[in-house]
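In this text, residue positions in the sequence shown follow my numbering: the first is 27, and each later residue adds one.
Ideal Cβ placement from N, Cα and C applies to all residues, glycine included.
Working notes for the structure below.
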Amino acid sequence: MVIVARGEFDAITSPALREAVHGVLAEAPPVLVMDLTGTVFFSSVAIGVLMDAVLTAGERTCVRVVAARPIRRTLQMLGLDPQFDYFDTTQEALTAPA
Numbered sequence: 027m028v029i030v031a032r033g034e035f036d037a038i039t040s041p042a043l044r045e046a047v048h049g050v051l052a053e054a055p056p057v058l059v060m061d062l063t064g065t066v067f068f069s070s071v072a073i074g075v076l077m078d079a080v081l082t083a084g085e086r087t088c089v090r091v092v093a094a095r096p097i098r099r100t101l102q103m104l105g106l107d108p109q110f111d112y113f114d115t116t117q118e119a120l121t122a123p124a
């Protein structure tokens, strides 16, 4: 399952994304890919949505992130990069072994 976030990922748009994530995770897919390549602004609220996705997924679903270097770097600087599996493309994220 793939969720694509485009544009600004902030306090206004994050609730809709959180709802979409919870809807997908309720189905317990083996993999959830969060494609953030079209994201131009990434706030602390957005980071909370990603962390919530990982916590909600637990052992049932592997959360994978497709993101440009600036978003990856932000998560690394916050020490959160071990929480996510990063990929350069959605296709790579979907086909990588679990």
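Collapsing the DSSP output to three states places I38 in coil.
Excluding sequence positions up to five before and after V30, its CB lies within less than 6 Å of the CB of D61, all in the same chain and listed in chain order.
With a contact defined as Cβ atoms closer than 8 Å, D114 and V91 miss out at about 11 Å.
Cβ contact annotation for A124 (same chain, cutoff 6 Å, sequence separation greater than five): C88, in chain order. Looking at the DSSP output, F110 shares a beta bridge with no other residue. Taking L106 as the centre and dropping the five residues before and after it, the same chain places no C-beta closer than 6 Å to its C-beta. Scanning the segment 37 to 116 from its first residue to its last, the whole alpha helix (DSSP H) runs of 4-plus residues come out as 40 to 52, 70 to 83 and 95 to 103. Cβ contact annotation for R86 (same chain, cutoff 7 Å, sequence separation greater than five): A54, in chain order.
A straight line joining the alpha-carbon of F68 with that of T39 spans about 11 Å.
With a beta-carbon spacing of about 5 Å, L58 and M27 fall inside the 8 Å limit used to define contacts.
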